[in-house]
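All remarks here apply to the structure that follows.
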Amino acid sequence: MEQETKRARREEHGRNKFRGALWGSNNELKLRREERDQSRVDSLILKDELKACSRSKRNLSQRLCETETNMLTIISKYQEELNLATTHEHRVADEYAQVYAEKEARGRVIDSLHHEATIWMDRFALTLNGSQELPRLLAKAKAMADTYSAPEEIHGLLGYCQHMIDLMAHIIRIR
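Going from the sequence shown to our numbering is simple: count from 1 and add 481.
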């Protein structure tokens, strides 16, 4: 009986040991199942987040393309306006240069004409002041025109010459 008791105890101990091993294995399987289930839940959450990120990425990509297109349109518009402004600036600068050159040329012509007029006035003044030769010659020409019945154009020319002599004499007196 003692042997039987020992054997019964050994069997009981073996069963207890086996139960403990089964219980440990069962707990291990339970933990692994919970980890697996949690992993599946995490995987589903990650898949949903990945889909959301993909959608967000596509939306951002579309908006970026639209923004880039708009920016390129705006840049080309401002580039065109800049080109027009630059062209206008060059045209205005060219016109200013041309007007300035014309003004300078007119100034030189006026200075030249003034100088030439001064020279002729001085010569005429010498002629008038130095002698009465010019008025005497004009009087002689008028007398000849009256004597020989000269055409009206000659009388007009002689009147014009008299007017010019009087005008020059007046200018010389004013100077």
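Just so you know, even glycine gets a beta-carbon here, dropped at the ideal spot from N, CA and C.
Quick one, are the C-beta atoms of residue i and residue j less than 8 Å apart?
| i | j | result |
| --- | --- | --- |
| H636 | A626 | yes |
| L615 | I655 | no |
| L648 | L619 | no |
Indicate the three-state DSSP secondary structure (helix, strand or coil) for residue i in the structure shown.
| i | result |
| --- | --- |
| P616 | helix |
| S593 | helix |
| S520 | helix |
| M482 | coil |
| S537 | helix |
| S630 | coil |
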